Amino acid sequence: ELLIPPTIEDDDGVHMKKMNVIVAITMSFNMVIYRYARRFKDDIHMYTHMQRSIQEKQTCLNAFEESFYKSEEQTLEAVGRL
């Protein structure tokens, strides 16, 4: 009943009540949308941060493995020369 758009037969009081309800519902809806958009933005930021952290750790791991294998090669070469 309250969400039905005002008609010509409605008096000004009923028209204003209907408009106030429509405005209140619209504002509430916008607040909900804003909250979810904010959470989504925060989630994206966190995901991006985690991805960057994973990439940095992967880079460190790759460098460590490369260094380990080089040192293993050098050790084997040194043992071979004995």
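Residues 32 to 113, numbered by the working numbering, are exactly what the sequence shown covers, in order.
Beta carbons: idealized from backbone N, C-alpha and C, even for Gly.
The structure displayed is predicted, hence computed values, not measured ones.
Rounded C-alpha distance that separates residue i from residue j
{"i": "Thr90", "j": "Gly111", "result": "32 Å"}
{"i": "Ala68", "j": "Thr79", "result": "16 Å"}
{"i": "Phe95", "j": "Ile56", "result": "58 Å"}
{"i": "Glu97", "j": "Met81", "result": "24 Å"}
{"i": "Arg70", "j": "Gln105", "result": "52 Å"}
{"i": "Asp49", "j": "Met58", "result": "According to the sequence provided, residue 49 is Lys. The question's Asp does not apply to it. Roughly 14 Å between the two C-alpha positions."}
{"i": "Arg83", "j": "Asn51", "result": "48 Å"}
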